[in-house]
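**Q** Sequential numbering of the sequence shown, starting at 2, is according to the numbering used here.
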Amino acid sequence: MIDYCSKTRTFTLNGKSFSYIMYVNEVGMLQNVYYGASVANDEYLTRVCAYGRSPKPDDLNRDYVQDYVPFEYGAYGRGDFRAPSAVIVRKDGFCASRLLYKSHKIYDGVPEVAGMPHARSGGKTLAVTLKDELSPAEITLNYTVWDDSDVLVRNAVIKNTGKEKFVLDRAYSFCTALPDHDYDFMRLQGRWANERIPETTPLGHGTVRIESSRAASSHVMNPFMALIRKNCSESTGECIGINLIYSGSFVLTAECSQDGNLRIQGGINELGFSWTVDGGDSFVTPQAALCYSADGLGHMSREFADFYRDRIINRQKAFARRPIVINNWEGTYFDFDREKLFSIIDAAAPLGIDTFVLDDGWFGKRDSDTSGLGDWFVNTKKLDGGLAAVAERCRKNGMKFGLWFEPEMISEDSDLYRAHPDYAIGKRGVEPCRGRNQLVLDFTRSEVVDHVFRVVSDILESCDISYVKWDMNRNITEFFSASLDAERQGELAHRYILGVYDLAERLTSKFPDVLFEGCAGGGGRFDGGMLYYFPQIWTSDDTDAYERTKIQWGTSLCYPVSAMSCHVSACPNHQTQRTIDFSTRGIIASLGTTGYELDPSKLCEKEKALVKTQIEDYKKIAELVLRGDLYRLINPYVDNYFCEMLVSKDKNHAYLAGERFHGVPCDYDMFFKLEGLDPDKKYMVKELGITAYGKTLMHAGLLLPRLPDFTGFAWHIDAV
Ligand code: GLA
2 MIDYCSKTRT FTLNGKSFSY IMYVNEVGML QNVYYGASVA NDEYLTRVCA YGRSPKPDDL
62 NRDYVQDYVP FEYGAYGRGD FRAPSAVIVR KDGFCASRLL YKSHKIYDGV PEVAGMPHAR
122 SGGKTLAVTL KDELSPAEIT LNYTVWDDSD VLVRNAVIKN TGKEKFVLDR AYSFCTALPD
182 HDYDFMRLQG RWANERIPET TPLGHGTVRI ESSRAASSHV MNPFMALIRK NCSESTGECI
242 GINLIYSGSF VLTAECSQDG NLRIQGGINE LGFSWTVDGG DSFVTPQAAL CYSADGLGHM
302 SREFADFYRD RIINRQKAFA RRPIVINNWE GTYFDFDREK LFSIIDAAAP LGIDTFVLDD
362 GWFGKRDSDT SGLGDWFVNT KKLDGGLAAV AERCRKNGMK FGLWFEPEMI SEDSDLYRAH
422 PDYAIGKRGV EPCRGRNQLV LDFTRSEVVD HVFRVVSDIL ESCDISYVKW DMNRNITEFF
482 SASLDAERQG ELAHRYILGV YDLAERLTSK FPDVLFEGCA GGGGRFDGGM LYYFPQIWTS
542 DDTDAYERTK IQWGTSLCYP VSAMSCHVSA CPNHQTQRTI DFSTRGIIAS LGTTGYELDP
602 SKLCEKEKAL VKTQIEDYKK IAELVLRGDL YRLINPYVDN YFCEMLVSKD KNHAYLAGER
662 FHGVPCDYDM FFKLEGLDPD KKYMVKELGI TAYGKTLMHA GLLLPRLPDF TGFAWHIDAV
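(1) Using the beta-carbon count (16 or more within 10 Å), is T286 buried or exposed?
(2) Does DSSP classify E256 as helix, strand or coil?
(3) Whether or not the stretch 323 to 338 and the stretch 277 to 295 are in contact is what I'm after, with contact meaning three or more pairs of Cβ atoms, one per stretch, closer than 8 Å; do they touch?
(4) So for Y619, helix, strand or coil by DSSP?
(5) Which residues in the same chain have their Cβ closer than 8 Å to the Cβ of D710, if we skip the five residues on either side of it in sequence?
(6) Beta-carbon distances below 6 Å to any heavy atom of ligand 1 define the shell here; list its residues in chain order, please.
(7) Are the stretch 428 to 443 and the stretch 389 to 397 in contact at 8 Å, needing three or more beta carbon pairs?
(8) Would you tell me roughly how many angstroms separate the C-alpha atoms of N476 and R215, rounded to the nearest one?
(9) Look at the alpha carbon of R419 and the alpha carbon of S412, and state the distance between them as a whole number of angstroms.
(10) Please classify H300 as buried or exposed, where buried requires at least 16 other C-beta atoms within 10 Å of its C-beta.
(11) Would V114 and T145 qualify as a contact pair, given that the criterion is a beta-carbon distance under 8 Å?
(12) What three-state label does DSSP hand T9 in the structure shown?
(13) Can you tell me which of T509, V450, I498, S484 puts its alpha carbon nearest to the alpha carbon of V469?
(14) In angstroms with no decimal places, state the Cα-to-Cα distance between W377 and D465.
(15) Using CA atoms only, rank isn't needed, just tell me which of L516, G427, V379 is closest to E479.
(16) Just to confirm my understanding: we take G261, look at its own chain, exclude 5 residues before and 5 after, and list those with CB closer than 7 Å. What are they?
(17) Note the first and the last residue of the continuous alpha helix (DSSP H) segment covering L330.
(18) Hey, how far is the Cα of L61 from the Cα of G80?
(19) Under the DSSP definition of a beta bridge, which residues are partnered with I426?
(20) Do A186 and V209 have their CB atoms nearer than 8 Å?
(21) Verify whether the separation of the beta carbon atoms of V40 and M23 is less than 8 Å.
(22) Between the Cα of Y497 and the Cα atoms of S250, N195, W147, R63, which residue gives the shortest distance?
(23) Please report the straight-line C-alpha distance between D454 and A505, rounded to a whole angstrom.
(24) Report yes if the C-beta distance between V158 and G191 is below 8 Å; otherwise report no.
(25) Just reading off the beta strand (DSSP E) that S584 is part of, what are its end residues?
(26) Any idea if Y77 is buried or exposed, counting beta-carbon neighbours within 10 angstroms, 16 or more meaning buried?
(27) Below 8 Å, how does it come out for the stretch 669 to 684 and the stretch 544 to 557: are there three or more Cβ pairs, yes or no?
(28) So is L189 in contact with chain C if we call contact Cβ pairs under 8 Å?
(29) Decide yes or no for the touch test of the stretch 347 to 366 against the stretch 400 to 415: beta carbon pairs closer than 8 Å, at least 3 of them.
(30) Alpha carbon to alpha carbon, what distance is there between L440 and A51?
(31) Strictly by DSSP, which residues pair up with D465?
(32) Quick one: Cα of V129 to Cα of N156, how far?
Shown next, in the form of structure tokens:
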């Protein structure tokens, strides 16, 4: 899987169907040779270096030569004028670097990434250490590959081997180079209630840069980019997807240099970032997952889905059946008391819903979003008998109980703020920007994280709670911590995320039986970092069954469907005012971890019967959602229909679900092709009464169903 040839000084990494080759060039610098579909490491590859220009010893101090080399990590100020991967500022302000190969090791397993989410197990790792010729920095580049995966995981560790401290003004996770820039650049952009919308633009010369500087991965831009060949479709053509396993401020860039090759790199956003590394200390960067696909975007997505399920999400949780929840947020907002909650629980239980999740408003003085955050004790005025009474009502109904928290936040109108105003991030004397009327707790301080850990633990121990929805509803402004020295204020955003990870690690370890769901004003922090702790994330506050086809399509480009929490909500939809029939809402919510977001006591008998059937049907496909492979068949951004398909790994079972949008004449006279089936197996499409070979269904296809506007369809396909 990983070989080193000492003759050519070449490293060859092979995953399931890709190769990644690098070599230490004549002047001792590590450069890329090849990244793409599996190849043999034929000697000529390195000799010719495929595309890269390899500097000769005489070239070392010629700047125009450095600028062409496809380095594996970009140094600053020594002839390479492309964006660097790290900037190391010494005491006197000098910050030029040249990185030379020092040593390497190859070992079984994954590297330690203390305090941060990371690939958990298996694999083989290559660690190449580069020495900065001009500073005491040593940079170790880690590369992990697996035989059964097309994902390559990378990060960089920057060590100060000297006595004097230096400052990192930039410290990216990875850098690599591709020989040409004949790609389009795909990103997942969005905003609140409209997250992860794929947008693809051509690359030109210069840099395409996507980023977040919010100390959260954000609604606006997901830490994902893909480089896509012009002929790349869902099922054919080359692409490379890159996803940071990180939840804070990030950057990902693709820079086409003067000779046309492409430097791609990224990691923590350098905007507002600096990190002081004392002598002997190291700075560890977050991991990045790179996925090469020769078979289109669909293969890339399935590889990412397997990677997250097998190697990032907690093993005990990744493949465990998820509860089917009823969440009261859209049913009641802040307007509830104990009797109202009881009526929701009593109405939900007979429908087959198994968990009641009590959302915002149960604690402190929280009757609106202006107060109470930080006061994690139950409001007994609202909830007579406290949480125990609600938990007991659930138990009596054979249901479990879940609870909403927003652990990272503080309201100025709260007991916590009155006691500890300094717990909030911000600068004394500067009027803070308020997002949703609240401030952010300073999670760079261990006493703040300890406090939240204690109070949340107390609540989780106070009664039988099996589910937590962990929300986060605003981003950081006025970056300033009362506990950091002036020179370390630039560390706040990353330290904050480390504090979030620390709390998540401690709570999930202390309460291993509790299922934690992530949330951030909907999907404002839907990333690989969060998935390490939370096997599912609230996908979006927009639950409209038309909008959701687009949001879920975009999200599925790099995250598994089981990670997408998808609820049926009331109509007219609270975000779009659109009314879509109840069964279509159920079908779209079945393409993820399903649940309900409404007041079930207000449902009519017909709708109640539908909920029952939806849940029974969902249980039949739950394993496909957890373990299946996703095939995106009809693109809702392009077509008048949406359709996706989940296929079991053994190809014996499949579930196809879709929706027709605005009727146009005769669009239903068209065939669409299924994917992912075994060509030589015979299948029954239950709802159509059709029996056919996989190859017929995949090459001839099926007719689009004749349906009214915004109507869904769901078909079960089983080998016979
Ligand atoms: C965020 C979440 C919602 C809900 C509210 C409660 O907006 O995305 O689902 O929990 O907060 O305030």
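We put the CB at the ideal spot given by N, CA and C, even for glycine.
**A** Per the coordinate set shown:
(1) buried
(2) strand
(3) no
(4) helix
(5) Correct list, in chain order: R661, F662, H663, G664.
(6) W330, D360, D361, W405, D472, N474, C520, G522, G523, W539, D542
(7) no
(8) 5 Å
(9) 10 Å
(10) buried
(11) no
(12) coil
(13) T509
(14) 16 Å
(15) G427
(16) D181, H182
(17) The question names Leu, but residue 330 is Trp in the sequence shown. Taken as a continuous stretch (DSSP letters only), the alpha helix (DSSP H) holding W330 covers 330 to 333.
(18) 9 Å
(19) In the DSSP assignment, I426 is bridged to no other residue.
(20) Residue identity check: residue 186 is Phe in the sequence provided, not Ala. Going by C-beta atoms, F186 is nearer than 8 Å to V209.
(21) no
(22) Nearest of S250, N195, W147, R63 to Y497, Cα basis: S250.
(23) For the record, residue 454 in the displayed sequence is Phe; it is not Asp. The straight-line gap from Cα to Cα measures roughly 9 Å.
(24) In this structure, G191 does not lie closer than 8 Å to V158 by Cβ.
(25) Note, S584: premise wrong, no beta strand (DSSP E); alpha helix (DSSP H) at 583 to 590.
(26) By the neighbour-count criterion, in which 16 or more other beta carbons inside 10 Å mark a residue as buried, Y77 falls on the buried side.
(27) no
(28) Checking the listed chains, one finds no chain C in this structure; it contains a single protein chain.
(29) yes
(30) The pLDDT assigned to A51 is 48, lower than 50, so where the model puts this residue is not dependable; a value taken from the coordinates is nonetheless given after this. Each residue's Cα considered, the two are about 53 Å apart.
(31) Bridge partners of D465: none, in fact.
(32) 11 Å
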